[in-house]
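Asks: Here full-length UniProt numbering is used: position 204 in the sequence shown is 204, and no number is missing along the way.
Dropping the structure in here first, questions after.
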Amino acid sequence: MTYFQCLLSAIICVLLFGCSSTSANDATVELSEEQVPPNMFIVSPIEASGNAEDEPIETHKASELSIGQGRFFSYALPEGWQLGENGQFALTLMAPDKKALTLMVGNTGLPNNYPPAQFIYEKLMAINPENLQISEPQQATPVKGCQSAYQYDVSYSIQGAPCKGIVKCHIAPSYDLCVMAMTAALADASQWDGYSSWLPLVAEQISATDGAAFGMRGIMQQNLQNSTAYAEAARQYREWSQKNWQQVTDERHASIDKQNIEFRENIGGVQSYTNPYNNNTPVELPTTYKYYWIDKQGVILGTDDPSVDPNAGSTGEWSQMKQYKRQ
1 MTYFQCLLSA IICVLLFGCS STSANDATVE LSEEQVPPNM FIVSPIEASG NAEDEPIETH
61 KASELSIGQG RFFSYALPEG WQLGENGQFA LTLMAPDKKA LTLMVGNTGL PNNYPPAQFI
121 YEKLMAINPE NLQISEPQQA TPVKGCQSAY QYDVSYSIQG APCKGIVKCH IAPSYDLCVM
181 AMTAALADAS QWDGYSSWLP LVAEQISATD GAAFGMRGIM QQNLQNSTAY AEAARQYREW
241 SQKNWQQVTD ERHASIDKQN IEFRENIGGV QSYTNPYNNN TPVELPTTYK YYWIDKQGVI
301 LGTDDPSVDP NAGSTGEWSQ MKQYKRQ
């Protein structure tokens, strides 16, 4: 039965029959009429229909990194990302919402003793950051073609929006000069936790494939398809993609459930109450009575008398049900 067929059945039940009290000999009710207090009546909840599980949710395959090739560089491109600058000295990749990016930028002909932190600072200033903060360096694994690397945590703001990231300075010395290249993974601070596990790995997959890149032939050339670092970046990215999609699916389920409750209440004859014995989950009941009580076995009593308490003279435990408040 489809979602709309289930919903239509529930509407007909509400409008034509009211779905009110049931007989005391219902198989799900363990209470005889003699045990029901005066002015109270056994009520069965309206069977829920049209929940999120009935709504078809398209399946999702975890995204894969695709390999792109520019004039000077090859790179690993996440799904939906766009190629930005693609020149001789720099390449950038931008997220669809423009709140994350990865890049490589480099220069040749620098002195061998050029401070890596200074190089990082100069390159990052090109994106016009506000209050740029750079951590102390840590030894890191260099990309192919370089002999050493230093990693830095960075934080800054763009038009007041906090951002975070990880940058690395890769160094390839040659006689009295060297090539320096910066790889960077940067994102809005609110999204960084999701990106931090895989975006820095993607940044390091940018590879110079033309001798004119940085002005030094052969620097950092690598075959991404055969790179173990690329495989790890792809794995981390797939895990992030699947987790991110699952969150979207869960939120959609919750949204559909909320819409179902609102619709059924709006057509009349239905009101949602919470079950205190089941994590305050919503239970749909007819509007036949003003007050409802429930016991641990799920038996529900309805009444219009606010003074009636089924706990009086009873060996069972009853709790009054409160109206469900939507978030």
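Where a beta carbon is used, it is the ideal one built from N, C-alpha and C, also for glycine.
The structure presented is a predicted model; accordingly, all values stated were derived computationally and were not measured.
Identify which residue in T288, M40, P37 and Y152 has its Cα closest to the Cα of P200.
Replies: Y152
Asks: Helix, strand or coil: which one does DSSP assign to D193?
Replies: Helix, per DSSP.
Asks: For N107, is the classification buried or exposed, using 16 other Cβ atoms within 10 angstroms of its Cβ as the cut-off for buried?
Replies: buried
Asks: Could you check the C-alpha separation between K144 and A208 for me, to the nearest Å?
Replies: Distance between the alpha carbons of K144 and A208: 10 Å.
Asks: Quick one, which of V202, G165 and G211 has its alpha-carbon nearest Q191's?
Replies: Of the candidates V202, G165 and G211, the residue whose Cα lies closest to the Cα of Q191 is G165.
Asks: Do L91 and I206 have their CB atoms nearer than 8 Å?
Replies: Less than 8 Å divides the Cβ of L91 from the Cβ of I206.
Asks: Whether or not the stretch 107–121 and the stretch 174–182 are in contact is what I'm after, with contact meaning three or more pairs of Cβ atoms, one per stretch, closer than 8 Å; do they touch?
Replies: yes
Asks: Taking only three categories from DSSP, how would you classify Q118?
Replies: helix
Asks: Measure the C-alpha to C-alpha separation of A189 and P162 and round it to an integer number of angstroms.
Replies: 5 Å
Asks: Rounded to whole angstroms, what's the CA-CA distance from G68 to M104? Just pull it up for me.
Replies: 14 Å
Asks: So A185 is in the beta strand (DSSP E); what residue range does that whole segment cover?
Replies: L177 to D188
Asks: Do you know offhand how far N275's Cα is from Y291's?
Replies: 13 Å
Asks: For S66, count neighbouring Cβ atoms within 10 angstroms of its own Cβ and tell me buried if that reaches 16, exposed if not.
Replies: Exposed, by the Cβ-count rule.
Asks: On the DSSP bridge assignment, give the partners of S174 in chain order.
Replies: L177
Asks: What's the gap between the Cα of A187 and the Cα of S197?
Replies: 12 Å
Asks: Which word fits T303, buried or exposed, when buried means at least 16 other C-beta atoms lie within 10 angstroms of its C-beta?
Replies: buried
Asks: When burial is assigned at 16 or more other CB atoms within 10 Å of the CB, is V43 buried or exposed?
Replies: Per the 10 Å Cβ criterion, buried.
Asks: Would you say E130 and S155 are within 8 Å of each other, going by their C-beta atoms?
Replies: no
Asks: Taking S272 and Q320 to be in contact with their CB atoms under 8 Å, please state how far apart those CB atoms are, rounded to whole angstroms.
Replies: Not quite, the Cβ-Cβ distance comes to about 15 Å (not below 8 Å), so this is no contact.
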